[in-house]
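In what follows, a single structure is set out as structure tokens and then discussed.
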Amino acid sequence: MDRTAVADVTPSGAFARKESTFRNSFDVHGPHPPERDRYVLVVSLACPWACRALSVLHLKGLENVFKVVVTHPVWARTRPEDANDAHCGWVFVKPGESIANPAGVGHFVADGRCSSSAPEDAKFVRDLYELCGAPKEQRFTVPLIWDTKARTIVNNESSEIIREMNTNFNAFSSSPERAALDLYPEALRERIDDINGWVYHRVNNGVYKCGFAVTQEAYDQAVKDLFEALDDINSILSESRYLCGDVFTEADVRLWQTLIRFDEVYVVYFKTNKKFIHQYEHISGYVRELWQMPELRAATNMDHIKTHYFASHPSLNAHAIIPIGPDVNLDAPHGHERKVVVLFKATGDAPILRRNVVKIRASAKFEEILAHLTKSTRCERAFAYLGAAFAPRYDATIGALCDGYGERNDEGGKLVVFYSTTPAWG
Numbered sequence: 001m002d003r004t005a006v007a008d009v010t011p012s013g014a015f016a017r018k019e020s021t022f023r024n025s026f027d028v029h030g031p032h033p034p035e036r037d038r039y040v041l042v043v044s045l046a047c048p049w050a051c052r053a054l055s056v057l058h059l060k061g062l063e064n065v066f067k068v069v070v071t072h073p074v075w076a077r078t079r080p081e082d083a084n085d086a087h088c089g090w091v092f093v094k095p096g097e098s099i100a101n102p103a104g105v106g107h108f109v110a111d112g113r114c115s116s117s118a119p120e121d122a123k124f125v126r127d128l129y130e131l132c133g134a135p136k137e138q139r140f141t142v143p144l145i146w147d148t149k150a151r152t153i154v155n156n157e158s159s160e161i162i163r164e165m166n167t168n169f170n171a172f173s174s175s176p177e178r179a180a181l182d183l184y185p186e187a188l189r190e191r192i193d194d195i196n197g198w199v200y201h202r203v204n205n206g207v208y209k210c211g212f213a214v215t216q217e218a219y220d221q222a223v224k225d226l227f228e229a230l231d232d233i234n235s236i237l238s239e240s241r242y243l244c245g246d247v248f249t250e251a252d253v254r255l256w257q258t259l260i261r262f263d264e265v266y267v268v269y270f271k272t273n274k275k276f277i278h279q280y281e282h283i284s285g286y287v288r289e290l291w292q293m294p295e296l297r298a299a300t301n302m303d304h305i306k307t308h309y310f311a312s313h314p315s316l317n318a319h320a321i322i323p324i325g326p327d328v329n330l331d332a333p334h335g336h337e338r339k340v341v342v343l344f345k346a347t348g349d350a351p352i353l354r355r356n357v358v359k360i361r362a363s364a365k366f367e368e369i370l371a372h373l374t375k376s377t378r379c380e381r382a383f384a385y386l387g388a389a390f391a392p393r394y395d396a397t398i399g400a401l402c403d404g405y406g407e408r409n410d411e412g413g414k415l416v417v418f419y420s421t422t423p424a425w426g
């Protein structure tokens, strides 16, 4: 048995990903209703498909709804006692314990992000699939959502999992703002679906088509498709902040998980070395902005990413040597900061008492905005009051705050206007 990605190639030598097989939804009237403390999200922090689900979990504030179980980043033999079963896949390893890679090379210690236990006391992700009667040809992939009551996999298709989290668990989100966040807004669905379609085939899966191709012809075609798509993305981002305009959507979450792995892994491992992401004028700033979103950063672990790719496939890297990488500074300014205008005034038609203009990154949380503005304007008393007045009602970003509680002006972009409710600051 060999059900790994390396084996999924067509007779022409092209990589062909198999479709997921568990495709159930979370319906209040169905066998898997939305509930708290019932479901387990099983992920690898190395896997881009799993991390898109983990990203949405954080964006929607569902950390206390789903238990998250993290595998070891390196694949291992899942039936080491069976000489006829060569399958290698995700393994659960307690922090501090170590494993070798499928070829017996290396000594890879599970860090603190790895989970100390798994559903059903499983040792491998494969165990969960076989426990619920997965078909013989099944690939044992992550992410998956495990139902602890029904003792089965509900869904293992990442594109469906993120939409389920976006829509069906809002009653359990950590805040009204998280619940209101819609990554698949109705007005943009046609646009999102179109972008998701070609980004999946040419970029998300395209890097794998490059890396796992076994003929020159298949590789050449995959590389051509990939870099034409990246050029298209760079062109889109030259005119808009996100893939669908100024609105952050699931299309950005899905693309991000590939882009963040590109320069550190895919350029070397999958031979996508025609160009680095940091060499694209507009994609590079976009990647930095998304990295600086706390929810996406929380779902990203470069140590797991690099360790998995460079150690799990002996046929591609026999000695499991992990390259140092280009060490791109993702915390550098991304060029998407917004101008924040602060007006100190009383309500109604009272005159403006003071006006300050500062710039801050657009994804900053309200508490960060307060800290930044307090420091930059030396008006601690004013912002202490402002925090008390606005903090219970703030949306996730400056843009959302502007829409809900400020005004839009046209002085070089979207501006946020804060109004005081007392003239006592004069």
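All the letters of the sequence shown, read from the start, carry residue numbers 1 to 426 under the UniProt record's numbering. Glycine included, C-beta positions come from ideal geometry on N, C-alpha and C. Since the structure is predicted, the reported quantities are computational estimates derived from the model, not experimental observations.
Per-residue DSSP class, three states only, for Arg-241: Here DSSP, grouped into helix, strand and coil, assigns Arg-241 to coil.
As assigned by DSSP and simplified to three states, the class of Asn-170: It is helical.
Three-way DSSP call (helix, strand, coil) for Gly-348 in this model: Legend: pLDDT at Gly-348 = 43, less than 50; position of this residue unreliable, value from coordinates given subsequently. In this structure, Gly-348 counts as coil in the three-state DSSP scheme.
Beta-carbon proximity of Leu-243 to Ile-195, cut-off 8 Å: Leu-243 places its beta carbon less than 8 Å from that of Ile-195.
Cβ neighbour criterion (16 or more within 10 Å) applied to Lys-94: Residue environment analysis places Lys-94 among the exposed positions, since fewer than 16 neighbouring C-beta atoms fall within 10 angstroms of its C-beta.
CB contact flag (Tyr-184, Thr-78, <8 Å): Against a cut-off of 8 Å, the Cβ pair of Thr-78 and Tyr-184 comes out as no contact.
Any 3 or more C-beta pairs closer than 8 Å across the segment 50-66 and the segment 24-32: No contact exists between the segment 50-66 and the segment 24-32.
Secondary structure of Tyr-184, DSSP reduced to three states: Correct three-state label for Tyr-184: coil.
8 Å Cβ cutoff met for Arg-126 and Phe-140: In this structure, the beta-carbon distance from Arg-126 to Phe-140 falls below 8 Å.
CA nearest to the CA of Glu-186, picked from Val-199, Trp-198, Asn-166 and Glu-177: Measuring C-alpha to C-alpha distances from Glu-186 to each of Val-199, Trp-198, Asn-166 and Glu-177 identifies Asn-166 as the nearest.
Proximity of His-58 and Val-154 at Cβ, strictly below 8 Å: For His-58 and Val-154, no; Cβs fall outside 8 Å.
C-beta atoms of Pro-73 and Leu-41 nearer than 8 Å: Cβ atoms of Pro-73 and Leu-41: not closer than 8 Å.
Exposure label - Ala-218; buried when at least 16 CB within 10 Å: Under the 10 Å beta carbon count, Ala-218 is surrounded by 16 or more other beta carbons and is classified as buried.
Reduced DSSP category for Trp-49 - H, G, I as helix; E, B as strand; rest coil: In the structure shown, Trp-49 falls within a helical segment according to DSSP collapsed to helix, strand and coil.
Proximity to Gly-89 [Cα-Cα], best of Pro-326, Pro-333, Ala-311 and Ala-332: Closest option to Gly-89, Cα to Cα, is Ala-311.
C-alpha gap between Ile-324 and Pro-294, whole angstroms: For Ile-324 and Pro-294, the gap between their C-alpha atoms comes out near 25 Å.
C-beta atoms of Pro-135 and Leu-128 nearer than 8 Å: No, these two residues do not count as a Cβ contact at 8 Å.
Host alpha helix (DSSP H) of Leu-144 (start-end): Premise fails: Leu-144 lies in the beta strand (DSSP E), 144-147, not in any alpha helix (DSSP H).
Supposed close pair Val-247, Leu-296 - CB separation, criterion 8 Å: Approximately 16 Å separates the beta-carbon atoms of Val-247 and Leu-296; this is outside 8 Å, ruling out the contact.
Cβ-Cβ separation, Leu-259 to Ile-283 (assumed contact under 8 Å), whole Å: With a Cβ gap of about 7 Å, Ile-283 and Leu-259 count as contacting.
The beta strand (DSSP E) enclosing Tyr-39, as first and last residue numbers: Counting along the chain, the beta strand (DSSP E) containing Tyr-39 begins and ends at 39-43.
Reduced DSSP secondary structure (H/G/I, E/B, other) of Asn-204: Of the three classes helix, strand and coil, the one that applies to Asn-204 here is helix, per DSSP.
Whole-angstrom C-beta distance between Val-68 and Phe-169, which should lie under 8 Å: At roughly 14 Å, the Cβ-Cβ gap does not stay under 8 Å, so Phe-169 and Val-68 are not in contact.
Classification of Thr-214 by the beta-carbon crowding that lies within 10 angstroms, buried from 16 upward: Checking the sequence shown, residue 214 turns out to be Val, not Thr. Burial state of Val-214 is exposed, judged by a 10 Å Cβ sphere holding fewer than 16 other Cβ atoms.
Cβ-based burial, Val-199 [other Cβ within 10 Å; buried from 16]: Result: buried.
Opposing strand residues paired with Gly-89 [DSSP bridges]: DSSP lists Ala-76 as the beta-bridge partner residues of Gly-89.
Contact under 8 Å by Cβ, Val-43 with Val-142: Yes; because the gap between Cβ atoms is below 8 Å, this pair is in contact.
Neighbourhood of Val-105 by C-beta distance below 8 Å, restricted to the same chain and skipping five residues each side: Answer for Val-105: Ala-311, Pro-314, Ala-318, His-319 and Ala-320, listed in chain order.
Selection from Asp-82, His-201 and Trp-75 that minimises the alpha carbon distance to Phe-92: That would be Trp-75, whose Cα lies nearest to the Cα of Phe-92.
7 Å CB neighbourhood of Cys-47 in its chain, flanking five on each side removed: The residues are Val-142.
Exposed unless 16 or more other CB atoms sit within 10 angstroms - verdict on Asn-101: Asn-101 comes out buried.
Cβ-Cβ distance between Arg-38 and Lys-149 below 8 Å: Yes, these two residues count as a Cβ contact at 8 Å.
Helix, strand or coil at Arg-151 according to DSSP, with G and I counted as helix: Coil, per DSSP.
Backbone secondary structure at Phe-124 - three-state DSSP: Of the three classes helix, strand and coil, the one that applies to Phe-124 here is strand, per DSSP.
Contact set for Asp-331: own chain, Cβ-Cβ below 8 Å, skip 5 residues either direction: Close CB contacts of Asp-331 within its chain, under the 8 Å cut and outside five residues either way in sequence, are with Arg-288, Trp-291 and Gln-292 (chain order).
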